[in-house]
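In full-length UniProt numbering, the protein residues as written are 1 to 164. Every residue gets a Cβ at the ideal spot worked out from N, C-alpha and C, and that includes glycine. Down below is the structure, laid out as C-alpha cells.
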C-alpha cells in the first residue's frame with residue numbers, strides 16, 4: 001500500500017503559523033492539487049481545521065482522538081492512523097498524508113515517498129514544524145527549482161525509499 005507524505009516547509013522546517021500556512025504559493029497549490037487529485041488524503045484534525053472544507057476530487061480522511069468529532073459532509077473521520085492507512089491504502093491504492101506535524105512523524109516509517117516543497121525562507125515565528133526526517137536509505141528522485149512565486153523561491157523535491 002503506497003503511502004506518500006506531501007507538505008511545504010521552510011528552511012527551518014516550519015509548516016504552519018497561526019492556524020494556516022506562512023506563505024501563499026499559487027504554483028505550490030496547483031502542484032498539490034495535481035498530485036493528490038483522485039487519491040485519498042489523510043490529515044489530522046488541526047490540519048482539517050485550518051481550511052474546514054472538503055478538498056474536492058479526493059476522499060478526505062480526518063484523524064481525531066475525540067470519539068464525538070464530526071466533520072463537514074464529505075469528511076470521513078477515523079480515530080487511528082494505522083487503521084486509516086490500511087483502509088485507504090488497501091489494494092495498492094496510493095494515499096497521501098497531508099498533515100500535520102505529528103501525523104507526518106507517525107506516518108513516515110510507512111511512507112514510500114515524501115514530496116516536499118522547500119520554501120527558500122525561514123519562519124522563526126512559525127508555531128508548527130515538521131521534523132527533519134532522516135533520509136538515509138532514501139534517494140532524491142527529482143528536484144525542480146522554482147523562482148519566486150509571490151515572495152519566495154521554492155523547490156519541489158521527491159524522496160523515494162530505496163527498495164532492498
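I'd like the span of the beta strand (DSSP E) that includes residue i, first residue to last.
i           : result
residue 134 : Counting along the chain, residue 134 falls outside any beta strand (DSSP E), and DSSP gives it neither H nor E.
Output the distance between the C-alpha atoms of residue i and residue j, rounded to the nearest integer angstrom.
i           : j           : result
residue 162 : residue 4   : 14 Å
residue 92  : residue 119 : 31 Å
residue 153 : residue 52  : 28 Å
residue 36  : residue 96  : 7 Å
For the candidate residues the options, whose alpha-carbon lies nearest to that of residue i?
i           : options              : result
residue 165 : 40, 81, 65 and 140   : Beyond the ends of the chain as shown, which are 1 and 164, falls residue 165; an answer cannot be given.
residue 64  : 86, 100, 143 and 34  : 100
residue 94  : 147, 45 and 114      : 114
residue 109 : 53, 137 and 35       : 137
residue 117 : 98, 126 and 134      : 98
residue 150 : 68, 126, 23 and 59   : 23
residue 121 : 155, 71 and 143      : 155
residue 146 : 19, 28 and 69        : 28
residue 31  : 164, 144 and 159     : 144
residue 123 : 53, 134, 85 and 11   : 11
residue 139 : 148, 152, 46 and 164 : 164
residue 77  : 90, 89 and 59        : 59
residue 20  : 62, 84, 48 and 67    : 48
Query - Inter-stretch contact (C-beta, 8 Å, three-pair minimum) for the stretch 122-142 and the stretch 92-109 - result: A contact is defined here as three or more CB-CB pairs under 8 Å, and the stretch 122-142 meets this definition with respect to the stretch 92-109.
Query - 4 or more residues per run - each alpha helix (DSSP H) lying fully within the UniProt domain "DHFR" (2-161) - result: 26-36, 45-51, 81-88 and 101-107
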